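So for the sequence shown, my numbering puts the first residue at 185; every next one is plus one. Where is the CB? At the ideal position from N, CA and C, for every residue including glycine. These numbers were taken from a predicted model, which means no experiment stands behind them.
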Amino acid sequence: MIEKAVQSMLTTGTPGTALSTAVGGRISLGSRLQLEGLPCVYFDVTADDTAVIGARKATATVEVRSVAEEPGDALTNADLVLAAMNRSGTFQSVSIHAVIYKGRTLDTMVVGEGDEHRPSVAVSSFEVLYG
């Protein structure tokens, strides 16, 4: 259920639409769609323990990977991810109370033999409080 809410955050509203447009709608849960082109975004959600702040709330750790051919493009899309995730509200009937940005890392492209290379990946981490 929280996975659908995160997908909605990444694809709806002004920030989500900007991200979805930038990556050509290639936003998926769990793994990169291998048959799709770049850039793309995929995310993982790990549901954590519940927290008590006034009323019982659940928390989840969300990692969003922005994949692109060039490091600059991966970082640009990671900025769009931050804008899409940095909001509260109701998404897919799940009430998102707070999103805490925990930072990001960048794995730059690696050139292999011949013309093969692994693309750049910017990983953004968030803690989501929902209930």
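ARG288 counts as buried, since at least 16 other C-beta atoms from the protein chains shown sit within 10 angstroms of its C-beta. In the DSSP assignment, LEU290 falls within the unbroken beta strand (DSSP E) covering 278-291. Residue nearest to LEU213 within the set GLY273, GLY197, MET185 and SER304 is MET185 (criterion: CA-CA distance). In this structure ALA252 touches SER304 by the C-beta definition: roughly 6 Å separates them, less than 8 Å. Taking 8 Å as the upper bound for CB-CB distance, ALA244 and VAL225 are not in contact here, some 17 Å apart. Counting other Cβ atoms within 10 Å of its Cβ, ARG249 reaches 16 or more and is therefore classed as buried.
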